[in-house]
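Comments concern the structure below.
There are 2 protein chains.
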Amino acid sequence: MGVTRSDLFTQEQNELAKVAKAMAHPARLAILQHLLKTNACINGDLVQELGLAQATISQHLRELKEIGIIQGTIEGVSVSYCINPKKWAEIKALFNGLFDGYVDPSTGECC
Amino acid sequence: MGVTRSDLFTQEQNELAKVAKAMAHPARLAILQHLLKTNACINGDLVQELGLAQATISQHLRELKEIGIIQGTIEGVSVSYCINPKKWAEIKALFNGLFDGYVDPSTGECC
DNA sequence: TTTGTTTATTGCAATATTACGATTAATTCT
DNA sequence: AGAATTAATCGTAATATTGCAATAAACAAA
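Protein chains in written order, with UniProt numbering: chain A, 1 to 111; chain B, 1 to 111.
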């Protein structure tokens with residue numbers, strides 16, 4: 001009891017849920033938005049920017065890296081993170097696939 | 001320790017995170033997709049459809065209701081749930097606001 | 001080699017989520 | 001009224017998430 005029953009759902013549902021979960025934290029959204037703004041940055045920046053401990057940020061970065069939405073390359077002593085353009089587009093398409101599945105009935109509301 | 005530091009983030013980041021969290025479970029995505037397909041249905045249907053216990057589905061429905069993405073009206077002995085068109089559009093816009101914030105650099109990759 | 005700098009990992013405490021049986025509440029049917 | 005139906009709520013066990021101090025690991029500079 002207490003563990004998500006992934007076996008009951010489609011591949012797509014589980015995948016989208018995983019991606020949504022990765023984005024379901026304000027710190028991770030803040031990281032993504034910061035990467036959008038600067039288009040590449042390092043972990044240290046984020047510690048200043050967000051006000052969370054270094055260990056916590058590193059953990060959030062790992063979660064984002066795990067779903068592939070960001071990627072990091074070692075740059076001397078520090079690490080440069082940036083958006084993965086391909087994955088970003090994929091994830092955007094995943095969400096839009098859901099959102100565009102709804103057409104406002106406009107005529108004949110249900111409830 | 002262990003509790004999300006919402007105070008560190010913007011209103012928008014916290015809001016989007018809350019919405020993403022509500023969608024970050026395959027059962028809740030399955031519920032939304034089922035509502036999209038049938039455009040109104042009842043709790044009982046979902047128990048058959050998803051294979052989760054009635055109490056569990058009711059709990060997931062409540063979470064979706066809490067962020068306003070679905071609404072339910074009592075219909076005799078059962079309850080009719082459906083998408084809230086206004087909120088659906090709002091949430092779609094929230095996500096697109098994030099996704100469209102990224103422009104593929106194409107020239108001059110960073111990492 | 002030693003020191004400093006930067007990021008990752010480990011370990012742990014506090015809290016949140018997930019699932020479900022049991023119960024309750026509201027309504028319909030007989 | 002009494003039985004049946006449907007959904008919400010309560011209580012609880014199992015697991016996951018969040019945050020951070022402490023430590024480790026990797027590299028550069030002295």
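Ideal placement from N, C-alpha and C gives every residue a C-beta, glycine not left out.
Sub-7 Å separation of residue i and residue j beta-carbons
i	j	result
I67 of chain B	A22 of chain B	yes
C80 of chain A	I42 of chain A	The amino acid at residue 80 of chain A is misidentified as Cys; the sequence shows Ser. Going by C-beta atoms, S80 of chain A is nearer than 7 Å to I42 of chain A.
G51 of chain B	L16 of chain A	no
R28 of chain A	L64 of chain A	yes
A20 of chain A	A53 of chain B	no
E12 of chain B	H34 of chain B	no
Y102 of chain B	L36 of chain A	yes
K18 of chain B	F99 of chain A	no
P26 of chain A	N14 of chain B	yes
Chain B contact for residue i (CB, 7 Å cutoff)
i	result
A20 of chain A	yes
G97 of chain A	no
L46 of chain A	no
A53 of chain A	no
G68 of chain A	no
G101 of chain A	yes
CB contact check: residue i to chain A, cutoff 7 Å
i	result
K92 of chain B	yes
residue 113 of chain B	Residue 113 of chain B falls outside the range modelled here, since chain B spans only 1 to 111, and no answer is possible.
L64 of chain B	no
D104 of chain B	yes
L29 of chain B	yes
I57 of chain B	no
N14 of chain B	yes
H25 of chain B	yes
G76 of chain B	no
I42 of chain B	no
Which parts of the UniProt domain "HTH arsR-type" (8–106) of chain B are runs of the alpha helix (DSSP H), unbroken and 4 residues or longer, counting only runs that do not cross its ends? 11–23, 26–38, 43–50, 54–66 and 85–99
On the three-pair Cβ rule with 8 Å, is the stretch 72–88 of chain B touching the stretch 79–93 of chain A? Because the criterion of three Cβ pairs below 8 Å is not met, the stretch 72–88 of chain B and the stretch 79–93 of chain A do not touch.
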